[in-house]
Ligand code: KG4
Ligand code: ZN
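Residue numbers (this note's numbering): 21 to 359.
Dropping the structure here:
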């Protein structure tokens, strides 16, 4: 079996293509970010995303094949994200994948975006990783815990009641006058502030179970900026006193909630391996605290390397290999789904 997989990812606002050998060796990874196109709106605009993917998809695939020094005839399969995501975005990558697979007679493999994020956290430890594992997926669209029994079998344990953690970073960045996406900009400002300056609230599920909620935290940040008066106007960013302390204390509240709920879930499920993935897994404070507090309990904690935390096609090609070797090959009726 040919071991090279071309991965294609277009579920949200990054157009990505990668060539990966046998699920782990990265030959090429190309990502065309649309962040600048969406920045003025403070979030992803679906129609702009779809049209932008359409312009970028073939050049990005071409660049990945070129960087890998390979062409379509060397491939064992084409793997593509089919769900979840923005439907207009997903269809661009899926249509490109189908066309290439059809014209070259290559196997086509559909990949679940969330399973792929989690797979990214396993790529450097494939030989030693022990399932079952607890997986925390934290991105702009998701904040959820899963019990993973293999790379493609995941059972949902808990998910956010409202905002995703990345979404909270993006909204707080907007309040503080920082650039989009908010995670990196809030995190950079936070390094200059005191994480314990402001006691922002942490969500605790009332039933004693495990869960996440970030809308209360976001509102607490807003009211703090209004000087504790909910009805006062929100000050413009340049008039906010102690912006770095707000950023650091907010980041600390998110990280503390994520770590605490993950460790409680690991306890409840009796799991000793923790995988953390998604864009927010880039966050330095989250990486350090999860490793430190997980380590104190004897847990093995794994993160993807930072370039494979945010959306990328390496994770798609990587997991695609496992589908291919298990015989899970799709036909040309393969469809996309927003959920
Ligand atoms: O996984 P991803 O690229 O796209 C989705 O599937 O959502 O995640 C993007 C999210 C954004 O909300 C962004 O603000 C957040 O990940 N993010 C971060 C950091 N880098 C990216 N959040 C906190 N700290 C970071 N360093
Ligand atoms: Zn993602």
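A virtual CB, placed ideally from N, CA and C, is assigned to each residue, including glycine.
One Cα belongs to residue 162, the other to residue 124, and the distance between them is close to 35 Å. If only complete runs of 3 or more residues are kept, the segment 246-299 shows the beta strand (DSSP E) at 293-297, in order along the chain.
Counting other Cβ atoms within 10 Å of its Cβ, residue 282 reaches 16 or more and is therefore classed as buried. The nearest non-hydrogen atom of the ligand KG4 is 8 Å or more from the C-beta of residue 225.
Using a cutoff of 8 Å, the CB of residue 137 counts as near the ligand KG4, since one of the ligand's heavy atoms is closer than that. DSSP assignment within the segment 150-174 yields the following whole beta strand (DSSP E) runs of 3 residues or more, N-terminal first: 153-158 and 163-170. Residue 322: member of the beta strand (DSSP E) spanning 320-322, first to last residue. In the DSSP assignment, residue 123 falls within the unbroken alpha helix (DSSP H) covering 107-124. Between the ligand KG4 and the CB of residue 152, the shortest heavy atom gap is not smaller than 8 Å. At a cut-off of 8 Å, the beta-carbon of residue 179 does not count as near the ligand KG4: no heavy atom of the ligand is closer than that. Residue environment: residue 248 is assigned as exposed (fewer than 16 neighbouring CB atoms within 10 Å of its CB, all protein chains considered). When secondary structure is reduced to three states using DSSP, residue 307 falls in the helix class. Take residue 209, set aside five residues on each side of it, and the residues of its chain with a beta-carbon closer than 6 Å to its own are 264 and 267, in chain order. The closest heavy atom of the ligand ZN lies less than 8 Å from the beta carbon of residue 133. When the beta-carbon positions are compared, residue 305 and residue 215 come within less than 9 Å of each other. Of the candidates 54, 25, 31 and 116, 25 places its Cα closest to the Cα of residue 93.
Straight-line measurement puts the Cα of residue 320 at about 11 Å from the Cα of residue 151. A Cβ closer than 5 Å to some heavy atom of the ligand ZN marks a residue here, and those residues are 159 and 331. Residue 181 holds the alpha-carbon nearest to the alpha-carbon of residue 236 among 211, 181, 146 and 106.
Contact check between the segment 34-44 and the segment 335-344: three or more CB pairs, one atom from each, fall below 8 Å, which counts as touching. For the set 130, 63 and 73, the Cα lying nearest the Cα of residue 35 is the one of 73. Closer than 8 Å to some heavy atom of the ligand KG4: that does not describe the Cβ of residue 343. For residue 27, no alpha helix (DSSP H) run applies; the uninterrupted beta strand (DSSP E) run containing it begins and ends at 24-29, by DSSP. Where residue 132 is concerned, the enclosing beta strand (DSSP E) starts and stops at 128-132.
In the structure shown, residue 80 adopts helical secondary structure according to DSSP, grouped into three states. Straight across, the Cα-Cα distance linking residue 88 with residue 332 is about 16 Å.
For residue 209, the enclosing alpha helix (DSSP H) begins and ends at 202-210.
Contact check for residue 234 and residue 188: beta-carbon distance about 4 Å, within the 8 Å limit, so the pair qualifies. Your pair residue 66 and residue 97 does not check out as a contact, with CB atoms roughly 29 Å apart and the cut at 8 Å.
Counting only the Cα atoms, residue 357 lies some 13 Å from residue 134. Burial is judged here by how many other beta carbons sit within 10 angstroms of a residue's own beta carbon; residue 316 has fewer than 16 and is exposed.
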